[in-house]
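Quick notes on the structure that follows.
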Amino acid sequence: MPARAQKRARTDVKVSRGGTKAVKAMSPVVSEFEKSFGSTGSAKYLRRYEVALQAFEEHRYTEARIILTPLARECSDVGAVRELHALCLYREESWHKAIIEFEAVIEMDSTNIFNHAVLADCHRAVGEHDRVDELWTALRAASPNPELLAEGRIVYAGSLAERGHVEDAILVMTKVAAAPKKVREYHMREWYVLANLLDKSGDVVKARKVFEQIAAVDVAFADVAERLSTLGY
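This is the structure in structure tokens:
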């Protein structure tokens, strides 16, 4: 699952005197509501959105989705609402419903590629691999931050493998196999996918080498230790 589906970018966390973290919408999101409903009329919708946002940040996805489903109808032209609703649906594996919401956000702003990896994963899950290709091409052309690009690459490789193009998937992931000076979590996620593909293809020696590369950074990452034990580490 893309890491993007587990976190939000347009939030502002404030800590109260009692230590409680209150999640607030950032100013661009507030502006979206005000554009649709005015500064006064938007307040009631914004409050409901922030309650849902708080629930999402605390991993209470179903609770957030219950709030957002009617809100998405009432605020259908507020991209932030549709986006958060889509992320909740994705977490619940409601692929088709999530696709509708994500695609609606893209229609509102065609330059927004922030959710392309998650949307691609939805299309992959329902077997719509041509759309996965389109989204990966758009994401790669946009040259976003490395973590976002890594998420898209992982989904694209998974889609290729599911179509039986395992060698092509390995080639995609091999391009990012080299260890950078500073290893981040998304690097290890990419390496894990590569190692898994190599293992499935029968190239046990290379698979073990990549799993060892991950273990050298974090032996507790995913099930790397277990995978190495089965590969004769």
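For the sequence shown, the residue numbers in my numbering are 136 to 368. Quick reminder that beta carbons are idealized off the backbone N, C-alpha and C, glycines included.
Sequence-distant residues of its chain with Cβ nearer than 7 Å to Arg183 (five each side left out): Residue 183 sits at position 48 when you count from the first residue of the sequence shown. Excluding sequence neighbours, Arg183 sits near Ile202, Leu206.
Which of helix, strand or coil does DSSP assign to Val158? Translated into the one-based positions of the sequence shown, residue 158 becomes position 23. In the structure shown, Val158 sits in a strand (DSSP, three-state: E or B).
Per DSSP, what kind of secondary structure is Val165 in: helix, strand or coil? Here the question's residue 165 lines up with position 30 in the sequence shown. DSSP places Val165 in helix when its eight states are reduced to three.
Enumerate in chain order the residues of its own chain whose CB-to-CB distance from Glu325 is below 7 Å, with the five nearest sequence positions on each side excluded. Position 190 of the sequence shown, counted from the start, is the residue given in the question as residue 325. Counting only Cβ-Cβ distances below 7 Å, and skipping sequence neighbours, we find Ala285, Arg288, Ile289, Met308, Val311.
Under a three-way DSSP split, which group does Thr309 fall into? Counting from one through the sequence shown, the residue named residue 309 turns up at place 174. In this structure, Thr309 counts as helix in the three-state DSSP scheme.
Span of the alpha helix (DSSP H) holding Arg183? Residue mapping note: residue 183 aligns to position 48 of the sequence shown, counting from 1. First-last of the alpha helix (DSSP H) with Arg183: 178-192.
Assumed close pair Ala342, Ala330 - CB separation to whole angstroms, cut-off 8 Å: Here residue 342 corresponds to residue number 207 of the sequence shown, with the count starting at 1. Here residue 330 corresponds to residue number 195 of the sequence shown, with the count starting at 1. Going by Cβ atoms, the distance from Ala342 to Ala330 rounds to 5 Å, so yes, they are a contact pair.
Report the rounded CA-to-CA distance for Val352 versus Val318, giving the unit in angstroms. Counting from 1 along the sequence shown, the entry for residue 352 is found at position 217. Counting from 1 along the sequence shown, the entry for residue 318 is found at position 183. So the alpha carbons of these two residues sit roughly 8 Å apart.
Rounded to the nearest angstrom, what separates Ala157 and Thr204 at their Cα positions? As a working mapping, residue 157 is identified with position 22 in the sequence shown. As a working mapping, residue 204 is identified with position 69 in the sequence shown. Approximately 22 Å between the Cα atoms of the pair.
Can you give me the Cβ contacts of Thr365 inside the same chain, cut-off strictly under 6 Å, excluding the 5 residues immediately before and after it? As a first step, residue 365 must be located in the sequence shown, where it is residue number 230. The answer is none, since no qualifying residue turns up.
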